[in-house]
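A.B. asks:
Below you can see the structure in the form of structure tokens.
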């Protein structure tokens with residue numbers, strides 16, 4: 093009887109051992125069938141923002157060289173890239189005599205008339221500014237996007253410049269110096285700017301009309317009146333600029349008339365440096381006060397510019413440091429962001445720097461690196477899953493199971509604060525640090541078990 097009891101116990105032990113072995117192997121086999129995932133532990137710290145571009149080096153300061161005589165250039169002593177000293181010889185001219193009589197008296201009358209016109213327009217401008225200021229005090233509601241008047245003002249400035257350029261082109265065309273196609277091109281540029289001005293004014297008027305629908309009748313009247321005053325102010329500003337140009341031209345013409353007895357002379361550069369542009373050729377005609385060349389002032393101060401999208405450059409601020417690299421130069425040159433100017437959907441970034449290596453015109457590679465503020469949660473970029481307008485990460489959450497620790501995949505919706513080329517900052521969605529999944533060998537199931545690889 094005792095023998096049978098002992099035999100039964102042995103059989104029971106064997107049975108239990110077999111059951112345990114089968115359970116172990118079934119768990120092992122099941123584990124091997126689970127998705128294998130690699131994970132990373134979130135960290136905290138800063139992101140590194142990086143932007144690379146290219147630019148051309150130019151002088152930070154330039155000076156135009158104007159003709160001091162009126163005539164034909166017989167000798168031209170410079171070309172682009174030449175170095176000149178202070179007072180360096182630029183060209184030798186033969187004077188073209190003027191035969192018009194009483195020109196100085198007529199021009200003097202014209203100058204006085206233009207000055208009176210400017211004085212009258214400035215009084216009108218002052219009155220409009222006072223009226224606009226009074227209208228602003230009645231309501232803090234913005235009439236239009238504050239950038240639109242600035243853009244309109246910029247267009248008007250370009251129109252003023254183009255009118256001056258067109259006037260010069262007309263003189264050159266009538267003298268046979270440039271072909272009609274070039275002259276027509278200048279006219280087309282002016283027409284384009286005028287159309288842009290009209291479009292911008294219509295845009296302003298449309299914004300005003302849209303805003304007028306939001307506010308009451310009294311506000312409508314105020315906004316409409318304010319808009320009319322601002323448009324009138326812009327017109328007076330443009331009129332002042334145009335009259336100023338007319339005044340400068342008349343004074344220049346008077347100066348030429350008063351010096352018509354000078355039969356010849358030389359043109360010299362007042363400041364030394366590197367010639368960056370030559371606008372006249374030998375045997376061409378030049379007027380008194382007309383630009384002949386441009387010189388870069390050689391004081392080791394330079395600038396370069398590049399264009400980037402607003403999204404790429406949103407982290408850049410004035411004063412940020414950048415590195416410049418040029419082929420054949422050892423090391424890097426340190427530069428600083430001196431100006432950020434919007435151009436449509438892009439940003440034009442100007443960098444300023446000092447170096448004795450450059451002479452202007454060099455092609456440089458530009459690199460900006462900037463550390464962001466510190467973030468509490470940073471995860472590798474490969475952990476981020478984009479679905480439409482939402483962002484998610486898969487995290488691994490663990491708990492004790494029957495035969496040990498079990499790991500489960502959980503999909504978490506997160507809000508992204510910022511990112512760089514390696515990491516993404518999470519501002520919401522992960523309240524505590526837990527492993528994030530950065531790699532898997534098969535599709536994951538929500539709240540499904542995974543095989544976490546160490």
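Numbering (my numbering), first residue to last: 93 to 546. Note that CB positions come from ideal geometry on N, CA and C, so glycine has one too.
#1: If you draw a straight line from the alpha carbon of residue 501 to that of residue 545, how long is it in whole angstroms?
#2: Would you identify the three-state DSSP class for residue 135, choosing helix, strand or coil?
#3: My guess is that residue 507 and residue 520 are in contact by the Cβ rule of under 8 Å, so how many angstroms apart are they, rounded?
#4: Between residue 221 and the rest of its own chain, which residues show a CB-CB distance below 8 Å, the 5 nearest in sequence each way excluded?
#5: Following the continuous beta strand (DSSP E) through residue 373, name the residue where it begins and the one where it ends.
#6: Could you round the C-beta distance between residue 415 and residue 459 to whole angstroms and report it? I think they count as a contact, below 8 Å.
#7: Within the present structure, is the beta-carbon of residue 416 separated from the nearest heavy atom of the ligand MG by less than 7 Å?
#8: Relative to the alpha-carbon of residue 443, which residue among 138, 456 and 266 has its alpha-carbon at the smallest distance?
#9: Among residues of its own chain, excluding the 5 on either side of residue 394, which ones have a beta-carbon nearer than 8 Å to its beta-carbon?
#10: For residue 382, tell me which candidate among 179, 406, 418 and 340 has the shortest Cα-Cα distance.
#11: Start and end of the beta strand (DSSP E) containing residue 464?
#12: Between residue 368 and the rest of its own chain, which residues show a CB-CB distance below 7 Å, the 5 nearest in sequence each way excluded?
#13: Looking only at its chain, what residues have a beta carbon closer than 8 Å to the beta carbon of residue 292, apart from the 5 residues adjacent to it on each side?
#14: To which residues of the same chain is residue 538 closer than 8 Å at the C-beta, ignoring the five residues directly before and after it?
#15: Measuring CB to CB, does residue 182 end up less than 8 Å from residue 366?
#16: Answer with buried or exposed for residue 117, where buried requires no fewer than 16 other C-beta atoms within 10 angstroms of its C-beta.
#17: Determine the DSSP secondary structure at residue 398, reduced to helix, strand or coil.
#18: Excluding five sequence neighbours on each side, which residues of the same chain lie with their C-beta closer than 7 Å to the C-beta of residue 249?
#19: By Cβ distance, which residues of its chain are closer than 8 Å to residue 437, with the 5 residues on each side in sequence left out?
#20: Could you tell me the distance, in whole angstroms, from the CA atom of residue 300 to the CA atom of residue 328?
#21: If you measure from the beta carbon of residue 147 to each beta carbon in chain D, is any gap under 8 Å?
#22: Less than 8 Å separating the beta-carbons of residue 126 and residue 433?
#23: Could you pull the DSSP bridge partners for residue 431 from this structure?
#24: Take the Cβ of residue 145 as the centre, count every other Cβ of all protein chains shown within 10 Å, and call the residue buried at 16 or more, exposed below.
#25: Please classify residue 482: does DSSP put it in a helix, a strand, or coil?
#26: For residue 149, which three-state DSSP category applies?
#27: Using three-state DSSP, classify residue 220 as helix, strand or coil.
#28: Which residue marks the beginning of the beta strand (DSSP E) containing residue 416, and which one marks its end?
#29: Nearest CA to the CA of residue 484: which residue from 461, 522 and 454?
#30: Could you give the distance in angstroms between the alpha-carbon of residue 543 and the alpha-carbon of residue 531?
#31: Let me know if residue 226 comes out buried or exposed under the rule of 16 or more other beta-carbons within 10 Å of its beta-carbon.
#32: Is residue 171 helix, strand or coil by DSSP?
#33: Please say whether residue 536 and residue 134 have beta carbons closer to each other than 8 Å?
#34: If residue 139 sits next to residue 464, beta carbons under 8 Å apart, how far is it from one beta carbon to the other, in whole angstroms?
C.D. replies: In this structure, then:
#1: Computed Cα separation, rounded: 13 Å.
#2: It is a strand residue.
#3: Yes, they are in contact, since the Cβ atoms of residue 507 and residue 520 sit about 4 Å apart, within 8 Å.
#4: For residue 221, where only same-chain residues beyond five positions count, the Cβ hits under 8 Å are 325.
#5: Counting along the chain, no beta strand (DSSP E) covers residue 373, and no H or E run does either.
#6: Your pair residue 415 and residue 459 checks out as a contact, with CB atoms roughly 5 Å apart and the cut at 8 Å.
#7: Absent from the structure shown: the ligand MG. Ligands present: none.
#8: Of the candidates 138, 456 and 266, the one whose C-alpha sits nearest the C-alpha of residue 443 is 456.
#9: Same-chain partners within the cutoff: 149, 150, 151, 152, 444, 445, 446, 447, 450 and 452.
#10: When only C-alpha atoms are compared, the closest one is 340.
#11: Start and end: 455-472.
#12: Non-local beta-carbon contacts of residue 368 in its own chain, meaning distances under 7 Å to residues more than five positions away in sequence, involve 151, 154, 172, 386, 387, 388 and 452 in chain order.
#13: Around residue 292, the same chain offers 240, 243, 244 and 247 as residues with beta carbons nearer than 8 Å, after the five sequence neighbours per side are excluded.
#14: Same-chain partners within the cutoff: 501, 502 and 503.
#15: With respect to residue 366, residue 182 sits apart: the two C-beta atoms are not nearer than 8 Å.
#16: Unreliable positioning characterises residue 117 in this predicted model, as indicated by a pLDDT of 48, which lies under 50. The coordinate reading is nonetheless provided below. With fewer than 16 other Cβ atoms from the protein chains shown falling within 10 Å of its own Cβ, residue 117 counts as exposed.
#17: Looking at residue 398 - three-state DSSP - the assignment turns out to be strand.
#18: Excluding sequence positions up to five before and after residue 249, its CB lies less than 7 Å from no other CB in the same chain.
#19: The residues are 401 and 402.
#20: Separation of residue 300 and residue 328 (C-alpha to C-alpha, rounded to the nearest whole angstrom) is 21 Å.
#21: The structure shown contains no chain D, having only a single protein chain.
#22: A distance of 8 Å or more separates the beta carbons of residue 126 and residue 433.
#23: 442, per the DSSP bridge assignment.
#24: The Cβ neighbour count for residue 145, taken over all protein chains shown within 10 Å, is at least 16; the residue is labelled buried.
#25: Residue 482: strand per DSSP, three-state reduction.
#26: Coil.
#27: Helix at residue 220.
#28: Residue 416: member of the beta strand (DSSP E) spanning 413-417, first to last residue.
#29: The shortest Cα separation from residue 484 among 461, 522 and 454 belongs to 522.
#30: If I take the Cα positions, the gap works out to 12 Å.
#31: The residue in question, residue 226, is exposed, as its Cβ has fewer than 16 Cβ neighbours within 10 Å.
#32: If DSSP states are grouped into helix, strand and coil, residue 171 belongs with coil.
#33: No. Outside cutoff.
#34: Right, the Cβ-Cβ distance comes to about 4 Å (below 8 Å), so this counts as a contact.
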